Amino acid sequence: MRYVYIGLVVVATAIVLLFKVQNLTAVTVSLLGMSMTMPVFLLVIGIYLLGM
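First residue of the sequence shown? That's 48 in our numbering, and the numbers climb one at a time after it.
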């Protein structure tokens, strides 16, 4: 069971790293007159963390 868990962690980490490498382009987010430019992967991670 321990090896299954380690395998799942390795696969999940690989997927996250692949997502990060694939989404390095910058996007501009505008809200209430403010704007911020950031990479797509940071935006997605931030939205995910806000939704937790």
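Even glycine gets a Cβ: it sits at the ideal position worked out from N, Cα and C. Just so it is clear, the structure is predicted and the values come from calculations on it, not from any experiment.
- Here T75 is bridged, per DSSP, to T84.
- Distance from V87 to V74 at the Cβ level is roughly 6 Å; contact confirmed, criterion being Cβ atoms closer than 8 Å.
- The alpha-carbon of G93 is positioned some 32 Å away from that of M48.
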